[in-house]
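Here the structure is laid out as structure tokens; the discussion comes afterwards.
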Amino acid sequence: DTEVTQTPKHLVMGMTNKKSLKCEQHMGHRAMYWYKQKAKKPPELMFVYSYEKLSINESVPSRFSPECPNSSLLNLHLHALQPEDSALYLCASSQELAGRETQYFGPGTRLLVL
Amino acid sequence: AQTVTQSQPEMSVQEAETVTLSCTYDTSENNYYLFWYKQPPSRQMILVIRQEAYKQQNATENRFSVNFQKAAKSFSLKISDSQLGDTAMYFCAFMTFNSGTYKYIFGTGTRLKVLA
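Chains as they are written, first to last, in the numbering used here: chain F, 1474 to 1587; chain D, 2 to 117.
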């Protein structure tokens, strides 16, 4: 099973809402990633978890709050987002946090903030 | 700071022909990894090929091969015998993880269309 799943596929939320994105993998990977991808732009790294610990935070605003409850799950909690946060949010995982490891990407959650 | 540049926003190629996508990068690091990813329309991003900077030999994966020129900081992707399923956005990416600093940077992408 080389699959990373993400739910929901689409999400529309108001600026006062609280929502969460979910990512799951069952490949035994110990590194998990959140990326943000605006339309026609490359992905931008947001957070990296390694062995369920937050290892990298690329100066992301606090309205995005990641959580790694166990080695298979990665959440991204959203609160008080702005319209410019509308984007495709991609999750990825790899065996370890190392360059030689392949990152496996999920299909993404397409988020629209109204 | 590291940068990754893809100078060809769009390209097209006839089916069964060969096409080369260019990528240049800038870094002061000596140890790093380079990647080409493929993102088909509305589908998941997948890794096409990977190159370790310490390896002089160019990586090859079936119809995909790279021309890695470390001194010139160039990392181009050659697709041979192009197929319709190769139509996608292709991203070049750079990764380094040294002294606790992790960087994973994508280029702006090249949209490739394979024509029947």
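Just so it is clear, CB atoms sit at the ideal spot from N, CA and C, and this is done for glycine as well.
Every value quoted in this text rests on a predicted model; they were computed, and no experiment measured them.
Legend entry - Where the beta strand (DSSP E) through TYR33(D) begins and ends: As a first step, residue 33(D) must be located in the second sequence, where it is residue number 32. No beta strand (DSSP E) holds TYR33(D); DSSP gives it neither H nor E.
Legend entry - is_contact[GLN45(D), chain F] using C-beta, thresh 9 Å: Translated into the one-based positions of the second sequence, residue 45(D) becomes position 44. Output row for GLN45(D): interface = yes.
Legend entry - Neighbourhood of LEU22(D) by C-beta, 6 Å cutoff - its chain only, sequence neighbours within 5 removed: Start at 1 with the first residue of the second sequence, and residue 22(D) comes out as number 21. The answer, listed in chain order, is LEU78, TYR91, THR111.
Legend entry - Spatially closest choice to LYS107(D) from MET1505(F), SER1559(F), LYS1526(F), PRO1516(F), by CA coordinates: By one-based count along the second sequence, residue 107(D) stands at place 106. Residue 107(D) is actually Phe in this sequence, not Lys. The candidate whose alpha carbon is nearest that of PHE107(D) is PRO1516(F).
Legend entry - CB contact check: GLY86(D) to chain F, cutoff 9 Å: Here residue 86(D) refers to the residue found at position 85 when the second sequence is read from its first residue. It does not: the Cβ of GLY86(D) has no partner Cβ on chain F nearer than 9 Å.
Inset, instruction - Would you list the residues sitting across from ASN63(D) in a DSSP beta bridge? - result: The residue labelled residue 63(D) in the question sits at position 62 within the second sequence. ASN63(D) is not bridged to any residue.
Legend entry - N-terminal and C-terminal residue of the beta strand (DSSP E) that LEU1540(F) is part of: Numbered from its first residue, the first sequence carries residue 1540(F) at position 67. Checking the sequence shown, residue 1540(F) turns out to be Glu, not Leu. 1537 to 1543 is the span of the beta strand (DSSP E), which, as asked, contains GLU1540(F).
Legend entry - Of the residues GLY1581(F), LYS1491(F), SER1567(F), the one placed nearest HIS1499(F), counting alpha carbons only: As a first step, residue 1499(F) must be located in the first sequence, where it is residue number 26. When GLY1581(F), LYS1491(F), SER1567(F) are compared, the shortest CA-CA separation from HIS1499(F) is found for SER1567(F).
Legend entry - Proximal residues to TYR33(D) (C-beta, below 7 Å), its chain only, five neighbours per side dropped: Position 32 of the second sequence, counted from the first residue, corresponds to residue 33(D). Contacts found: ALA54, PHE95, MET96, THR97.
Inset, instruction - Kindly indicate which residue of GLN1510(F), ARG1503(F), PRO1542(F) has the alpha-carbon position closest to the one of SER43(D). - result: In the second sequence, counting from the first residue as 1, residue 43(D) sits at position 42. The option with the nearest alpha carbon to SER43(D) is GLN1510(F).
Inset, instruction - Please name the residue in GLN84(D), GLN58(D), TYR103(D), ALA117(D) whose C-alpha comes closest to that of GLN3(D). - result: On the second sequence, position 2 is the one that residue 3(D) refers to. Checked all of GLN84(D), GLN58(D), TYR103(D), ALA117(D); the closest Cα to GLN3(D) is TYR103(D).
Inset, instruction - Keeping to the same chain, check which residues put their C-beta closer than 8 Å to that of SER1545(F); ignore five residues upstream and five downstream. - result: By 1-based counting over the first sequence, the position of residue 1545(F) is 72. GLU1497, GLN1498, HIS1499, listed in sequence order.
Inset, instruction - Note down, in chain order, every chain D residue with its Cβ under 9 Å from the Cβ of VAL1521(F). - result: For the purposes of this step, residue 1521(F) is identified with residue 48 of the first sequence, where counting begins at 1. Going along chain D in sequence order, the residues near VAL1521(F) (Cβ under 9 Å) are TYR103, TYR105.
Inset, instruction - Measuring only between beta-carbons, confirm whether LEU48(D) sits less than 9 Å from chain F. - result: The residue you call residue 48(D) lines up with position 47 of the second sequence. Yes, its Cβ sits closer than 9 Å to a Cβ of chain F.
Legend entry - Sequence-distant residues of the same chain with beta carbon closer than 6 Å to GLN1576(F), five excluded per side: Residue 1576(F) sits at position 103 when you count from the first residue of the first sequence. For GLN1576(F), where only same-chain residues beyond five positions count, the Cβ hits under 6 Å are ALA1565, SER1567.
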